[in-house]
């Protein structure tokens, strides 16, 4: 391990002199320059191989000092070395040939716009290997990016405590130390820190030594990391405990605030189960000696967890299981989030995209792998059925004019920050599922294994992946894959049939589906090679790659499912007769086909490709005893339609239909969990209670109020997996007395995980006066900043205009509460659900006040609002007519 102790600026510069021309020449550089084919915002005259970073945090005063020693290669005579740096003040810098020689003092200047520090030597230094040392200081932030502090109440005493952590994606490692902060500048890292002696320090690698410094502090040294990108570096310190188990030679740990106890057990058990599976699937064993998942308090508008290599960061409510508050859906989320971040240890950490253009290689694959792992270990959760909803999220975004290709060219890291969206995650996952189905599971896995082995510790592009899968034996994938990754949009397959002599003639025509540009894409659609699996009336399967228009012949007559298994990424516009046949056959279909057909046809109706009647008929045809995930999603679709209606009579009619359709299933499940029931049933119970309660179902509302009343005598009366569900029903229709009790109840909690559940309900009431009181509370000292933002967001769900105007009026107070990268999108989202067209103009005016590079998120919000104002009148009319006809 290479390590250098932090030094003062004076010591750093001691012995430095102006460089004489006779300075000993270094040997030639040991590294090659960054290839010109890889995007970089930095000059290409140098490249790092190793960093040694020591930091001394002052948590109380929110500052720190640091020293970084960088081993680097210089490729051409240069007077300057440019490093990324944001908010750091350099107090001294030197550079010296690694082969030996006098240290050269460097002058520093800053380019704030480019987020760089430029280190200048008196004369050009020659090509070769050097060691550069920089002493610096910087702030510790209060928002979860860069190097930051999180305040939280002690789980037992309620005493305020402070933990420190880092989050460097993207691109914030430059707030921790001056460095080459781009993904292709991989290097090894030594990290050390001087921290309070009674606290736990954490980084990517295990601790190799701790030295008591005799002044209440200790110096902690960590082992050297493998070669990795800077955004994966992690450092944290606080009052933590670690629950751990060794599996496959790796120490797997869950780190959480002291007092968390057994709430970390579930996550540990899941991680221990998943790691050997990933070791086998990827064909490359996890290479670090430890794998921690570090649960910290707080929240972010941008992320819930981060895949730092060997030191995953997760906000604790997404990691710890508390039987008092953890809902079935949260339990699922904890597992999938954990599996997602663990998958990143290979996709993203071991093998990293060369530039942010290929971010989807990280996020799409981690999303795909989380589903694969969850389906393997928890088949009763119906994960693959539920992933239809992920597909719909992708298509919903991909069918708007604000979409973008999966592989999106970005020249700067700030541009790339906008790519963390449903296109990278959900569309990426969905097309990977399609590709695996197309080439075959074994061929696909062998391709992934080859990709991992060929590019371990390196950087790749999307083309590297296609080459690896081709080398594993895949045929015909590349042209299909390029169509789905290099262009945006959703293919639309129009299907019609004729039947004669016991045979079906099926005709396909390809186009493009759009929610807000129907005429434009109809006139000039994109073109794809669309993999399809057609299920004929007799159940036989017929693979096809659709290229334009074609007609095929199938055995039998009857219902034909064009996207059998719902594994491909396209929408299907069936002829009326085909749709009627599919609706009649729906009860006998596989759950994934049931859900996929329902969601597909509702989306087509919403976008005016067909009337709502057949889509609503199909939704109503879902059997009451269907797969729990199918029923859960179906009732949520009715709930969404209920929210669209603005006529109380029609809302009441729809509420009665939902009651008549689903209350028998709820009665069978009961209001309380039962020993041995599946998590899918528990999740369905929560969905049914929540949606029926929202629609005012008398029995559900009465039960919610009965249970809420018990809290006056027993704070734990609602503890359990449905705590949030029951509270949401009461909070939505709260009286002034209810609200005051709920406020006191939530704020009395000293547990940060429980508070994250309870505090937002303060903003849930439909009553205007209570909503305003909640907004005022959100900016008070009674809540943490992240809690205040959650209240604001919850108020906006029912009072968009009020929340928007309040937030803009208090922008000076709210801005510091927001992550820098999410600030421009936060305010428009508050007004997004407004029914007043004037709000659209207000949001546009706000958008126009932003710099061009901060408008991407706002433009998405505006496009969604425009689409809603354009489509809701028609939806209300057709839904109302359908309800009246029943």
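In mature numbering (1 follows the signal peptide of the UniProt record, and there is no 0), the protein residues as written are -24 to -1, 1 to 862.
By construction, the Cβ of each residue, glycine as well, lies at the ideal position given by its N, Cα and C atoms.
Mind checking residue i: buried by the 16 CB within 10 Å criterion, or exposed?
i, result
"residue 311", "buried"
"residue 462", "exposed"
"residue 233", "buried"
"residue 789", "exposed"
"residue 699", "buried"
"residue 320", "buried"
"residue 122", "buried"
"residue 563", "exposed"
"residue 28", "buried"
"residue 623", "exposed"
"residue 491", "buried"
"residue 775", "buried"
"residue 265", "exposed"
"residue 925", "Shown here, the chain extends from -24 to 862; a query on residue 925 therefore has no answer."
"residue 346", "buried"
"residue 762", "buried"
"residue 11", "exposed"
"residue 691", "exposed"
Quick check on DSSP: helix, strand or coil for residue i?
i, result
"residue 790", "helix"
"residue 422", "helix"
"residue 143", "strand"
"residue -22", "Low per-residue confidence applies at residue -22: pLDDT is 26, beneath 50, and the placement is therefore not dependable enough to give any value."
"residue 778", "helix"
"residue 43", "strand"
"residue 385", "coil"
"residue -1", "With a pLDDT of 47 at residue -1, under the threshold of 50, the modelled position of that residue is not reliable, and no figure is offered here."
"residue 463", "coil"
"residue 598", "coil"
"residue 59", "strand"
"residue 74", "coil"
"residue 903", "Absent from the structure is residue 903, since the part of the chain shown begins at -24 and ends at 862."
"residue -13", "Because residue -13 carries a pLDDT of 46, less than 50, the predicted location of this residue cannot be relied on, and the following value inherits that uncertainty. Three-state DSSP puts residue -13 in a helix."
"residue 201", "coil"
Quick check on this structure: which residue in the options has the alpha carbon closest to the alpha carbon of residue i?
i, options, result
"residue 269", "212, 30, 761, 815", "212"
"residue 512", "833, 535, 390, 502", "535"
"residue 541", "554, 515, 200, 530", "515"
"residue 575", "32, 369, 52", "369"
"residue 696", "649, 426, 431, 719", "649"
"residue 247", "239, 260, 228", "228"
"residue 79", "290, 86, 14, 70", "70"
"residue 208", "217, 163, 218, 128", "163"
"residue 477", "521, 428, 532", "532"
"residue 826", "783, 168, 803", "803"
"residue 286", "48, 723, 230", "230"
"residue 110", "65, 89, 149", "65"
"residue 537", "561, 522, 730", "561"
"residue 136", "196, 125, 486", "125"
"residue 33", "384, 402, 177", "177"
"residue 257", "318, 582, 243", "318"
"residue 684", "604, 706, 360, 48", "706"
"residue 923", "847, 549, 663", "Any question about residue 923 goes unanswered here, given that the chain covers just -24 to 862."
"residue 402", "431, 388, 341, 659", "341"
"residue 165", "183, 152, 199", "199"
"residue 525", "545, 544, 503", "503"
Taking 7 Å as the cut-off, is the CB of residue i close to at least one heavy atom of the ligand NAP?
i, result
"residue 516", "Ligands are entirely absent from the displayed structure, and the ligand NAP is therefore not among its contents."
Worksheet entry | alpha helix (DSSP H) runs contained entirely in the segment 682 to 718, provided each spans 4 or more residues | Scanning the segment 682 to 718 for uninterrupted alpha helix (DSSP H) segments of 4 residues or longer gives 699 to 708, listed from N- to C-terminal end.
Fill in: In chain order, each beta strand (DSSP E) run of at least 3 residues that lies wholly inside the segment 283 to 330
Inside the segment 283 to 330, DSSP marks whole beta strand (DSSP E) runs of 3 or more residues at positions 287 to 291, from first to last along the chain.
Fill in: At least 3 beta-carbon pairs within less than 8 Å: the segment 702 to 720 vs the segment 740 to 747
Segments in contact, yes.
Discussion item. Restricting to runs no shorter than 4 residues, where is the alpha helix (DSSP H) found entirely within the segment 617 to 675?
Written reply: The segment 617 to 675 contains these whole alpha helix (DSSP H) runs: 624 to 645, 655 to 670.
Worksheet item: Taking three-plus beta-carbon pairs below 8 Å as touching, is the segment 478 to 485 in contact with the segment 453 to 467?
Response: No contact exists between the segment 478 to 485 and the segment 453 to 467.
Discussion item. Check whether the segment 128 to 148 and the segment 102 to 110 touch, using three or more Cβ-Cβ pairs below 8 Å as the test.
Written reply: Taking 8 Å as the limit for Cβ pairs, the verdict is that the segment 102 to 110 does not touch the segment 128 to 148.
Fill in: the segment 813 to 830 contacting the segment 281 to 300, beta-carbon criterion three pairs below 8 Å
Flag = no, the segment 813 to 830 and the segment 281 to 300 do not touch.
Worksheet item: Enumerated in chain order, which unbroken segments of the alpha helix (DSSP H) with a length of 4 residues or greater are wholly contained in the segment 330 to 404?
Response: With a minimum length of 4 residues, the continuous alpha helix (DSSP H) runs that stay inside the segment 330 to 404 are 336 to 353, 359 to 374, 389 to 392.
Worksheet item: Is the segment 143 to 158 in contact with the segment 171 to 180, if contact means three or more CB pairs nearer than 8 Å?
Response: Flag = no, the segment 143 to 158 and the segment 171 to 180 do not touch.
Worksheet item: Which runs of the alpha helix (DSSP H) fall wholly inside the segment 793 to 844 and span at least 4 residues, in chain order?
Response: Annotation: the segment 793 to 844 contains the following complete segments of the alpha helix (DSSP H) (minimum length 4 residues), in chain order: 799 to 807, 813 to 824.
Item to complete: Within the segment 488 to 522, note down every full beta strand (DSSP E) run reaching 3 residues or more, in order along the chain.
Response: Those beta strand (DSSP E) runs which fall completely within the segment 488 to 522 and span 3+ residues are 506 to 511, 517 to 522.
Worksheet item: Do the segment 89 to 104 and the segment 34 to 51 make contact, defined as three or more Cβ pairs closer than 8 Å?
Response: With contact defined as three or more Cβ pairs closer than 8 Å, the segment 89 to 104 and the segment 34 to 51 are in contact.
Worksheet item: Three or more C-beta pairs closer than 8 Å, one from the segment 425 to 440 and one from the segment 329 to 336: is that the case here?
Response: Yes: at least three Cβ pairs fall under 8 Å.
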